[in-house]
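Novice:
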Amino acid sequence: MCTNERGERYMRYKISDLAKLLGVSTNTVRRYEDMGYISAVRDENSGYRYYDDDGVFGVLNAKMHIKYGFTHEQISKMQNYTLDETIEACQEHMQQMDRQIAYMTYLRHRLKDDCVLMNKAAANTDIYEKQSLPMYYVLYKNGGKLLQEPERLEQLSEFLYNSPEIQHIYIIPESEMKAGRFTVSCGYSIKEEHLEKYHLHINQYAQKYIPKPSVMGISKVPARLSSIYDYSQDEIKEIMIGRHLAYMKEHNLVLDGDITGIVITKVKDDDSDDHVMYILMSVPVRHEKQ
138 MCTNERGERY
148 MRYKISDLAK
158 LLGVSTNTVR
168 RYEDMGYISA
178 VRDENSGYRY
188 YDDDGVFGVL
198 NAKMHIKYGF
208 THEQISKMQN
218 YTLDETIEAC
228 QEHMQQMDRQ
238 IAYMTYLRHR
248 LKDDCVLMNK
258 AAANTDIYEK
268 QSLPMYYVLY
278 KNGGKLLQEP
288 ERLEQLSEFL
298 YNSPEIQHIY
308 IIPESEMKAG
318 RFTVSCGYSI
328 KEEHLEKYHL
338 HINQYAQKYI
348 PKPSVMGISK
358 VPARLSSIYD
368 YSQDEIKEIM
378 IGRHLAYMKE
388 HNLVLDGDIT
398 GIVITKVKDD
408 DSDDHVMYIL
418 MSVPVRHEKQ
């Protein structure tokens with residue numbers, strides 16, 4: 138405790154004392170000083186540099202604002218803000234936090250959906266019938282051909298970076314199936330409702346998938362399916378929709394649209410050292426005319 142010229146008592150802190158009090162390193166204290174949060178006074182007699190209670194408050198105030206999510210640059214600018222300017226800065230930051238909270242809520246919703254599907258995969262859920270959902274998708278690979286048109290890449294980036302609920306999708310066109318081929322195309326998809334929800338833009342490369350009654354089920358697929366040339370088309374078809382086709386035959390159902398596969402997850406297989414993907418395969422169907 139020290140006394141100033143007016144007889145007022147005040148505390149003086151050496152840099153090591155201040156660092157211990159605040160639970161930070163002396164280098165952090167120096168960095169805060171460089172940023173203008175605190176200032177030191179050199180004692181004329183001892184030559185030591187000291188900090189006062191204002192320094193303690195300055196560091197605590199900075200640490201509090203860091204917890205709020207303010208950057209060091211923002212905190213430095215706020216040192217000289219008026220009350221009105223501080224209120225405005227805090228309100229703007231709260232709005233940004235609201236957007237981040239909403240975004241994390243969307244991500245949690247997507248993760249929850251994935252967990253539900255993974256639990257179904259773990260339970261080896263049977264094939265079932267259900268209406269598919271409307272969505273938009275954009276392909277980046279058609280069979281073995283990589284698609285790289287500039288506007289297509291722009292659309293891929295729009296989905297990839299601006300939608301928290303993007304899905305990796307496989308498409309097997311109905312036309313290919315009817316021609317006796319099982320051509321697997323790859324892309325990214327979003328639910329139709331997310332266009333407005335996430336303010337997404339689409340161009341001519343975003344294709345709309347019309348929902349239809351479908352035969353659905355989760356398939357366990359070797360992760361190296363990305364190199365589809367390791368398998369014959371019949372082998373790929375059996376792996377991906379073999380159970381679906383058996384169900385369709387049993388219930389007099391025929392193909393009625395493009396087949397989709399939504400990738401749920403990629404994991405190490407319990408039965409081997411290989412990695413596998415679990416994919417929700419959806420085959421649009423209608424009853425076969427008698």
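In my numbering, the protein residues as written are 138 to 427.
Just so you know, even glycine gets a beta-carbon here, dropped at the ideal spot from N, CA and C.
(1) State the Cα-Cα distance for the pair methionine 241 and lysine 200, rounded to the nearest angstrom.
(2) Are there three or more Cβ pairs, one per stretch, closer than 8 Å when the stretch 252–265 is compared with the stretch 315–324?
(3) What does DSSP give as the partner residue(s) for glutamate 266 in the beta ladder?
(4) If you drop the 5 nearest sequence neighbours on each side, which residues of the same chain put their C-beta closer than 7 Å to that of histidine 381?
(5) Rounded to whole angstroms, what is the Cα-Cα separation between tyrosine 218 and methionine 231?
(6) Would alanine 360 and methionine 414 be called neighbours here (beta carbons separated by less than 7 Å)?
(7) Does valine 391 pass the burial test, meaning 16 or more other C-beta atoms within 10 Å, or should it be called exposed?
(8) Assuming isoleucine 416 contacts valine 400 under a Cβ cut-off of 8 Å, what Cβ separation, rounded to an integer in Å, is found between them?
(9) Could you round the C-beta distance between histidine 331 and glutamate 302 to whole angstroms and report it? I think they count as a contact, below 8 Å.
(10) With a Cβ-Cβ cutoff of 7 Å, do isoleucine 306 and aspartate 395 count as a contact?
(11) Give the single residue among Asp407, Asp393 and Ser409 whose Cα lies nearest to the Cα of arginine 423.
(12) Which word fits lysine 157, buried or exposed, when buried means at least 16 other C-beta atoms lie within 10 angstroms of its C-beta?
(13) Is it buried or exposed for threonine 163, if we count other Cβ within 10 angstroms and need 16 for buried?
(14) With burial defined as no fewer than 16 other Cβ atoms inside 10 Å of the residue's Cβ, what is the status of valine 196: buried or exposed?
(15) Have a look at valine 275 and lysine 334 and give me their C-alpha separation to the nearest angstrom.
(16) Using the C-alpha atoms, what's the distance from phenylalanine 296 back to tyrosine 325?
(17) Go to glutamine 232, then tell me how far its alpha helix (DSSP H) extends in each direction, as first and last residue.
(18) Give me whichever residues DSSP pairs with arginine 186 in a beta bridge.
(19) Looking at C-alpha atoms only, which residue of Arg167, Ser312 and Ala239 is the closest neighbour of serine 176?
(20) CA-CA distance, asparagine 141 and arginine 149?
(21) Enumerate in chain order the residues of its own chain whose CB-to-CB distance from glycine 144 is below 8 Å, with the five nearest sequence positions on each side excluded.
(22) With a 10 Å radius around its C-beta and 16 neighbouring C-beta atoms as the bar for buried, classify serine 356 as buried or exposed.
(23) Taking C-alpha atoms, which residue in Lys328, Ile327 and Glu313 lies nearest to aspartate 371?
(24) For a test of the three-state rule: what should DSSP assign to serine 312, helix, strand or coil?
(25) Taking a contact to mean a Cβ-Cβ separation below 7 Å, would you say tyrosine 277 touches lysine 345 in this structure?
(26) Determine the DSSP secondary structure at isoleucine 347, reduced to helix, strand or coil.
(27) If you drop the 5 nearest sequence neighbours on each side, which residues of the same chain put their C-beta closer than 7 Å to that of glycine 173?
(28) When we look at the beta-carbon of threonine 397 and count the other beta-carbons within 10 Å, is it buried (16 or more) or exposed?
(29) Can you tell me which of the three DSSP states arginine 318 falls into?
Specialist: Per the coordinate set shown:
(1) Translated into positions along the sequence shown, residue 241 becomes position 104. Translated into positions along the sequence shown, residue 200 becomes position 63. Spanning the two alpha carbons is a distance of roughly 24 Å.
(2) no
(3) Within the sequence shown, residue 266 is the residue found at index 129, counting from 1. Beta-bridge pairing links glutamate 266 to Val352.
(4) Along the sequence shown, one-based indexing puts residue 381 at 244. For histidine 381, where only same-chain residues beyond five positions count, the Cβ hits under 7 Å are Ile264, Val352, Gly354, Met418 and Val420.
(5) As a position in the sequence shown, residue 218 is number 81, starting the count at 1. As a position in the sequence shown, residue 231 is number 94, starting the count at 1. If I take the Cα positions, the gap works out to 17 Å.
(6) To locate residue 360, count along the sequence shown from 1; it is residue 223. To locate residue 414, count along the sequence shown from 1; it is residue 277. Against a cut-off of 7 Å, the Cβ pair of methionine 414 and alanine 360 comes out as a contact.
(7) Here residue 391 refers to the residue found at position 254 of the sequence shown. Classification of valine 391: exposed, given that the 10 Å Cβ count is below 16.
(8) As a first step, residue 416 must be located in the sequence shown, where it is residue number 279. As a first step, residue 400 must be located in the sequence shown, where it is residue number 263. So it is a contact: roughly 5 Å between Cβ atoms.
(9) Mapped onto the sequence shown, residue 331 falls at position 194. Mapped onto the sequence shown, residue 302 falls at position 165. Confirmed, about 6 Å.
(10) Start at 1 with the first residue of the sequence shown, and residue 306 comes out as number 169. Start at 1 with the first residue of the sequence shown, and residue 395 comes out as number 258. Not a contact, by the Cβ cut-off of 7 Å.
(11) Start at 1 with the first residue of the sequence shown, and residue 423 comes out as number 286. The shortest Cα separation from arginine 423 among Asp407, Asp393 and Ser409 belongs to Asp393.
(12) Taking the sequence shown and counting its residues from 1, the one referred to as residue 157 is at position 20. By the 10 Å Cβ count, lysine 157 comes out exposed.
(13) Here the question's residue 163 lines up with position 26 in the sequence shown. Classification for threonine 163: exposed.
(14) The residue you call residue 196 lines up with position 59 of the sequence shown. It is buried - the Cβ of valine 196 has at least 16 other Cβ atoms within 10 Å.
(15) Along the sequence shown, read from residue 1 onward, the residue named residue 275 stands at position 138. Along the sequence shown, read from residue 1 onward, the residue named residue 334 stands at position 197. Valine 275 and lysine 334: Cα-Cα distance of roughly 18 Å.
(16) The residue labelled residue 325 in the question sits at position 188 within the sequence shown. The residue labelled residue 296 in the question sits at position 159 within the sequence shown. Tyrosine 325 and phenylalanine 296: Cα-Cα distance of roughly 7 Å.
(17) On the sequence shown, residue 232 is found 95 positions in, with the first residue counted as 1. That run of the alpha helix (DSSP H) goes 220–259.
(18) Translated into positions along the sequence shown, residue 186 becomes position 49. Looking at the DSSP assignment, arginine 186 forms a beta bridge with Arg179.
(19) Walking along the sequence shown from the start, residue 176 turns up at place 39. Nearest C-alpha to serine 176: Arg167.
(20) Translated into the one-based positions of the sequence shown, residue 141 becomes position 4. Translated into the one-based positions of the sequence shown, residue 149 becomes position 12. In this prediction, asparagine 141 has a pLDDT of 46, which is less than 50 and means its spatial position is unreliable; what the coordinates show is noted afterwards. Those two C-alpha atoms are separated by around 11 Å.
(21) For this step, residue 144 is matched to residue 7 along the sequence shown. At glycine 144, the pLDDT of 48 sits below 50, so the modelled position is not reliable; the number obtained from the coordinates is stated separately. Counting only Cβ-Cβ distances below 8 Å, and skipping sequence neighbours, we find nothing.
(22) The sequence position of residue 356 within the sequence shown is 219, counting from 1. Under this definition serine 356 is a buried residue.
(23) For the purposes of this step, residue 371 is taken as residue 234 along the sequence shown, with counting starting at 1. Here the closest residue by C-alpha is Glu313.
(24) Taking the sequence shown and counting its residues from 1, the one referred to as residue 312 is at position 175. Three-state result, serine 312: helix.
(25) The residue labelled residue 277 in the question sits at position 140 within the sequence shown. The residue labelled residue 345 in the question sits at position 208 within the sequence shown. Going by C-beta atoms, tyrosine 277 is not nearer than 7 Å to lysine 345.
(26) Within the sequence shown, residue 347 is the residue found at index 210, counting from 1. Three-state result, isoleucine 347: coil.
(27) For the purposes of this step, residue 173 is taken as residue 36 along the sequence shown, with counting starting at 1. The answer, listed in chain order, is Ser213 and Gln216.
(28) Residue mapping note: residue 397 aligns to position 260 of the sequence shown, counting from 1. Threonine 397 should be labelled buried.
(29) The residue you call residue 318 lines up with position 181 of the sequence shown. Note: arginine 318 maps to coil in three-state DSSP.
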